[in-house]
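Here's the structure we're looking at; comments come further down.
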Amino acid sequence: MTARLWNRKTRAALLILPLALFIGIFFVWPLGIMVKQSVLDDAVLHLLPRTTEAIAGWDRTAPPTEAMQAALIADLRAADDEKAVGDMVRRLNSAQSGYRTLMTKTLSAVAKPETGPLLTDVDKRWAQPAFWIAIADALEPMTDRYLLAAVDLERNKAGEIAGLPDGASANRTIFIRTFWIAAVVTFFCVLIGYPYALLTAASTGITRTILLTAVLLPLWTSLLVRTAAWFILLQEQGLINGFLLSMGAISSPLPLIFNRTGVVIAMTHVLLPLMVLPIYSVLLTIPTNLMPAATSLGAHPLRAFLHVLLPLSLRGVISGALLVFMTAVGYYITPALVGGAGDQMISSVIAFYSTQTANWSMASALGIVLLVITLILYVVYVQLSGRTSVNGRM
1088 MTARLWNRKT RAALLILPLA LFIGIFFVWP LGIMVKQSVL DDAVLHLLPR TTEAIAGWDR
1148 TAPPTEAMQA ALIADLRAAD DEKAVGDMVR RLNSAQSGYR TLMTKTLSAV AKPETGPLLT
1208 DVDKRWAQPA FWIAIADALE PMTDRYLLAA VDLERNKAGE IAGLPDGASA NRTIFIRTFW
1268 IAAVVTFFCV LIGYPYALLT AASTGITRTI LLTAVLLPLW TSLLVRTAAW FILLQEQGLI
1328 NGFLLSMGAI SSPLPLIFNR TGVVIAMTHV LLPLMVLPIY SVLLTIPTNL MPAATSLGAH
1388 PLRAFLHVLL PLSLRGVISG ALLVFMTAVG YYITPALVGG AGDQMISSVI AFYSTQTANW
1448 SMASALGIVL LVITLILYVV YVQLSGRTSV NGRM
């Protein structure tokens, strides 16, 4: 009996093994790399070992010592990995403005054997403690610098968390914009999706098939193709403005593209199936005789809907709203093609840091913040859906 039970457990484990490997390789492992990258700060440490030792006793206020300058020259001469040097320069320049030009000049100078042991002979800026403080701050292998910068915070000279100066970063503003656009899109998806799902659930035969096909067809079409279609429809000479002009409804083309209106319209259309299908699936489980029973007892159809059908279908609405909102938060292609400069969402900032500036730490930190907010929203969803289920049973 024990061997038979063991065999069953073994077979069950083998059945879920492919799924566990898939989740581990394509979700857990990349997530771990992203978390590590967001707090890892070794771009300077592994290239400047001699400088790390020489700068250990420096008080951060006095001019740099000759030993510190000689150690940095030796480290720069020993650095032969151009990519690693570029990462180091990029890291230091993000902490202290002017480091890129200073380091470019210094690297050219130290490559010459006749360069002396003092960096101040190469450039007078090496006498300023600020440039050495940037090196000292970058010698810790782990940092919260990027996570704080992702929400427009930093550590001041006293080590306390403080806000970045005005104009230094707009991540917090872009996060707020992202959530606002996602909330507006979710609202319009509920406004359009609930009646559509209700109509689909109430229909039968070929009518229901047509309505479901109209919802599923966009899911079978590439997101880029759907967004490009809206790009054509919404432009000044597009079909929508052309139709309204021909009907005499407007005297000049409406600004429907490269603004917030176009982004909301396109994202609502793209994400509408994610709202309709959960609501539709819940409506199918509700007995069809509840509404006639309520009206037969004297309830007005609107009152019967508000007190009977809506509470029972609220779980589908919450599920659809969560799907739409969480998907909209991470949208990139649609705002990039249809929106303007003031309509870009946080995914555009992540793409900027990862592809244009190669600042993977900052991109990872923004991704972590987005993930944490998504998890919080999921916890809220679980709580709301649990209460809805309890109320529905009562």
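Sequential numbering from 1088 applies to the sequence shown in my numbering.
Virtual Cβ for every residue (Gly too), placed ideally from N, Cα, C.
Sequence-distant residues of the same chain with beta carbon closer than 7 Å to residue i, five excluded per side
i     : result
L1358 : V1272, C1276, V1411, T1414, A1415
A1353 : T1314, W1317, T1421, V1425
D1430 : N1346, R1347, V1350, P1422
R1147 : P1216, I1220, A1223
Reduced DSSP secondary structure (H/G/I, E/B, other) of residue i
i     : result
M1229 : strand
A1223 : helix
E1247 : coil
M1088 : Since pLDDT at M1088 reaches only 49, below the 50 mark, its modelled position is unreliable, and no value is offered.
E1323 : coil
R1242 : strand
L1343 : coil
L1127 : strand
A1386 : coil
N1488 : Past the edges of the chain, shown from 1088 to 1481, lies residue 1488, and the structure says nothing about it.
V1209 : coil
A1438 : helix
H1356 : helix
I1263 : helix
T1300 : helix
P1150 : coil
M1481 : Residue placement at M1481 is flagged as unreliable, the pLDDT there being 45, under the threshold of 50; the coordinate-derived value follows with that caveat. Looking at M1481 - three-state DSSP - the assignment turns out to be coil, as it is neither helix nor strand.
D1430 : helix
Q1156 : helix
Euclidean distance between Cα positions of residue i and residue j
i     : j     : result
G1417 : L1361 : 15 Å
R1285 : H1387 : The sequence given here has Leu at residue 1285, not Arg. Rounded to whole angstroms, L1285 to H1387 spans 18 Å at the Cα level.
I1222 : L1159 : 10 Å
I1112 : N1243 : 39 Å
F1128 : L1226 : This sequence places Asp at residue 1128; Phe is not what is there. Approximately 8 Å between the Cα atoms of the pair.
D1239 : S1256 : 6 Å
E1140 : Q1215 : 20 Å
P1228 : W1213 : 24 Å
I1337 : F1330 : 10 Å
T1461 : V1197 : 49 Å
T1389 : L1397 : For the record, residue 1389 in the displayed sequence is Leu; it is not Thr. One C-alpha to the other measures close to 10 Å.
T1294 : Y1281 : 17 Å
G1479 : R1098 : Caution is warranted here: a pLDDT of 49 is assigned to G1479, below 50, making its placement in the model unreliable, and the coordinate value is therefore given only provisionally. If you take the alpha carbons of G1479 and R1098, they lie about 38 Å apart.
K1211 : V1172 : 22 Å
Y1419 : T1442 : 14 Å
A1166 : D1174 : 12 Å
T1207 : A1249 : 33 Å
Within 8 Å, strictly: CB atoms of residue i and residue j
i     : j     : result
V1456 : I1261 : no
F1218 : L1189 : yes
S1448 : S1125 : yes
A1237 : L1453 : yes
R1259 : M1432 : no
P1365 : G1403 : yes
V1131 : R1178 : yes
A1301 : L1370 : no
L1311 : I1344 : no
L1234 : E1241 : no
S1290 : L1278 : no
P1342 : L1332 : no
Assigned exposure category for residue i - 16 Cβ within 10 Å defines buried
i     : result
M1088 : Legend: pLDDT at M1088 = 49, less than 50; position of this residue unreliable, no value from coordinates given.
T1296 : exposed
M1155 : buried
Y1465 : exposed
G1144 : exposed
M1481 : Confidence at M1481 is low in this model, with a pLDDT of 45, below 50, so the placement of that residue is unreliable and no value is reported for it.
V1467 : exposed
N1328 : buried
P1151 : buried
H1133 : exposed
Q1060 : Because the chain is modelled from 1088 through 1481, residue 1060 falls outside the range shown and cannot be assessed.
T1138 : buried
M1334 : exposed
I1405 : buried
T1355 : buried
V1350 : buried
A1428 : exposed
D1253 : exposed
I1110 : exposed
S1469 : Per the sequence presented here, residue 1469 reads as Val, with Ser not at that position. So V1469 counts as exposed.
V1459 : exposed
L1104 : exposed
Neighbourhood of residue i by C-beta, 6 Å cutoff - its chain only, sequence neighbours within 5 removed
i     : result
L1377 : V1395
W1267 : none
L1135 : D1162
W1093 : none
Same chain, Cβ closer than 8 Å to residue i, neighbours up to 5 away in sequence not counted
i     : result
A1090 : none
V1176 : Y1186, R1187, M1190, T1191
P1305 : R1313, H1356, V1357, L1359, P1360
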